[in-house]
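Engineer:
Residue numbers (the numbering used here): 39 to 124.
#1: Relative to the alpha-carbon of residue 61, which residue among 103, 85 and 69 has its alpha-carbon at the smallest distance?
#2: Output the distance between the C-alpha atoms of residue 95 and residue 107, rounded to the nearest integer angstrom.
#3: Straight-line CA distance for residue 112 to residue 123?
#4: Between the C-alpha atoms of residue 55 and residue 119, what's the straight-line distance to the nearest angstrom?
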């Protein structure tokens, strides 16, 4: 997150002026990880896919509709719950 109390055009022009280059090895690793996730998704049962979509929608709803402190608390609770069930 970038906080800037000046003109938005100033920060955008600064960000555009940065010459950032993504290493080729990072792109290759990202593509491999994406392909493996795509393959894993293809192998999931329809019921598991529905459950996954439901979870994603709930996460989006928490992020959009709840105030930040409550949303963060929900995420912390979910992470703690996952850890306890692992």
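Ideal Cβ positions, reconstructed from N, Cα and C, are used throughout, including at glycine.
Predicted model, so just to flag it, every value in this text is computed and none were measured.
Structural biologist: Taking the definition as stated:
#1: On the chain shown, position 23 is the one that residue 61 refers to. Among 103, 85 and 69, the Cα nearest to that of residue 61 belongs to 69.
#2: Translated into the one-based positions of the chain shown, residue 95 becomes position 57. Translated into the one-based positions of the chain shown, residue 107 becomes position 69. If you take the alpha carbons of residue 95 and residue 107, they lie about 19 Å apart.
#3: As a first step, residue 112 must be located in the chain shown, where it is residue number 74. As a first step, residue 123 must be located in the chain shown, where it is residue number 85. One C-alpha to the other measures close to 16 Å.
#4: As a position in the chain shown, residue 55 is number 17, starting the count at 1. As a position in the chain shown, residue 119 is number 81, starting the count at 1. When rounded, the distance between both Cα atoms is 43 Å.
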